[in-house]
Each structure stands twice: as structure tokens, then as C-alpha cells.
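**Q** I'd like to ask you about the structure that follows.
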Amino acid sequence: MNQTRATMAVPGLREDWLEFVSLVEHRLEQGAVEYGDSTMRRPAPEVLDEVEEELLDVMGWSFFAWLRIRRLKEKVKKALTEISQEDGE
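Numbering follows the working numbering, with no gaps: position 42 of the sequence shown is 1378.
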């Protein structure tokens, strides 16, 4: 299955994907305004260091997002248990 068919199989996914691509393009445009073409002239090891730092940031923020989701799931589970107990009374 190619990418287009896969995105079409989930309602709204194509629109979400296009929005995501648009946001990435916007960030690239902002970078071009701020830094010009300096990234293309930087030594590869410096670019790799920058990518590594950014990935560590993403992973750190992902942990906090995961933690918030986990705590929200616990609250939902507790609320559903309470509702179920109230229905059983």
C-alpha cells in the first residue's frame, strides 16, 4: 500500500498530514529568514551535533507528554470505576 492510500484509509489523516507538512515548511522558512543558508555551509559534524541536541529535546518533551497522558488515563480509569460503582448501587 502506498503512502497516499494509507493516509486515505484513516478519515481526516490526509488533512492532518497536510497541516503537519505546512507547519514544517513554515519552520523551514523561519529558519531561512533567521539563518539564511548558513546551515548548508556548516561543517557536517556541527549539523549532526545540532540534530542530536534537537532529538534529545524532542525525547525529553515526549517523556513529559507521555507522563501527562499516563496520569490522564489513570484519572479516566478512576472516574469510570466510580461511575460503574454508582450504577451498581
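Here a beta-carbon is modelled for each residue, glycine too, at the ideal position from N, C-alpha and C.
Distance check for Met1395 and Arg1404, CA to CA, integer angstroms please.
**A** As a working mapping, residue 1404 is identified with position 68 in the sequence shown. As a working mapping, residue 1395 is identified with position 59 in the sequence shown. Taking the straight line joining both Cα atoms gives about 14 Å.
**Q** Do the CB positions of Thr1375 and Val1383 come within less than 9 Å of each other?
**A** Here residue 1375 is taken as the residue at index 39 of the sequence shown, counted from 1. Here residue 1383 is taken as the residue at index 47 of the sequence shown, counted from 1. It is a contact, given that the beta carbons lie within the stated cut-off.
**Q** Rounded to whole angstroms, what is the Cα-Cα separation between Glu1410 and Thr1417?
**A** As a working mapping, residue 1410 is identified with position 74 in the sequence shown. As a working mapping, residue 1417 is identified with position 81 in the sequence shown. Cα to Cα, the separation comes out at about 11 Å.
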